[in-house]
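Quick note, the sequence shown lines up with residues 27 to 190 if you use our numbering. Have a look at the structure below, then the notes.
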Amino acid sequence: MVAEKKKSGLISHGIASQNRKGRFNYSILETVEAGIVLKGPEVKSLRMGRATINEAYAGERNGEIWLLNSYIPEYQGGVLSRFDTRAPRKLLLHKKQVDHLLGAVSRSGASLVPLDIHFNKRGVAKLTLGLGQGRKKEDKRHAIAERDWQRDKARLLRSKGKDY
């Protein structure tokens, strides 16, 4: 009898945290994948899928882009090192990407919206950063109506396919 290997609840690749309101409140013009500077316990906490980036935003400090107001709770696995759960975290981007994003923010009034934190195929934590224009209330209503219509259309096509 071979003992079965128990599956751990850690995320090795895939989405760790997602900002679902980001795509609703902003129309995303383009996305960029950025690395994040993290400490060891922060990575462990991310692998457990416990981070929150709903209220997070990205901003410029000293010519660099930082992730601000993101929440990564302390890792509870017996590690004694403590860290600030809402500390600003530096984003790793190429200089041309930083210049392009900051130029778009200053020129057109766009915002840098964190969309998700994920682990790539190599297991490295990455942040998908969106360059977005804020939506007005009527645009949001239109998006809701379009989403509802797509759902109803799919439901009708499914039920129609069963009749034949």
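For glycine and all other residues, C-beta sits at the position ideal for the given N, C-alpha and C.
Pick out whichever of the options has its Cα sitting closest to the Cα of residue i.
{"i": "F50", "options": "H168, A180, E59 and R177", "result": "H168"}
{"i": "K70", "options": "S38, N88, Q44 and I54", "result": "S38"}
{"i": "G160", "options": "A42, G40, D125 and S53", "result": "S53"}
{"i": "D125", "options": "E86, A180 and A113", "result": "E86"}
{"i": "R148", "options": "G61, G135, R108 and R115", "result": "G61"}
{"i": "L127", "options": "Q102, A151, L155 and L64", "result": "L155"}
{"i": "N45", "options": "D142, G135, L153 and E172", "result": "D142"}
{"i": "T78", "options": "T111, R173, G66 and G103", "result": "T111"}
{"i": "V63", "options": "L117, A42, G89 and P99", "result": "L117"}
{"i": "E90", "options": "Q123, N80 and Q102", "result": "Q123"}
{"i": "A42", "options": "S96, N88 and W92", "result": "S96"}
{"i": "E100", "options": "W92, K65 and N88", "result": "K65"}
Would you identify the three-state DSSP class for residue i, choosing helix, strand or coil?
{"i": "K179", "result": "helix"}
{"i": "G160", "result": "strand"}
{"i": "R87", "result": "strand"}
{"i": "S53", "result": "strand"}
{"i": "S71", "result": "helix"}
{"i": "S43", "result": "strand"}
{"i": "I170", "result": "helix"}
Since I believe residue j is in contact with residue i (beta carbons under 8 angstroms), could you give me their beta-carbon distance rounded to a whole number of angstroms?
{"i": "E59", "j": "L157", "result": "So it is not a contact: roughly 13 angstroms between Cβ atoms."}
{"i": "L94", "j": "P114", "result": "5 angstroms"}
{"i": "G40", "j": "H144", "result": "6 angstroms"}
{"i": "P140", "j": "G75", "result": "The Cβ separation is near 16 angstroms, so there is no contact."}
{"i": "A151", "j": "L72", "result": "6 angstroms"}
{"i": "L138", "j": "A84", "result": "4 angstroms"}
Name, in chain order, the residues that DSSP records as bridge partners for residue i.
{"i": "I37", "result": "Note: I37 sits in no beta bridge, so no partner."}
{"i": "V59", "result": "Going by the sequence as given, residue 59 is Glu instead of Val. Beta-bridge pairing links E59 to T154."}
Worksheet entry | Inside the segment 93-156 only - beta strand (DSSP E) runs reaching at least 3 residues | Taken in chain order, the complete beta strand (DSSP E) segments of 3 or more residues contained in the segment 93-156 are 115-118 and 137-145.
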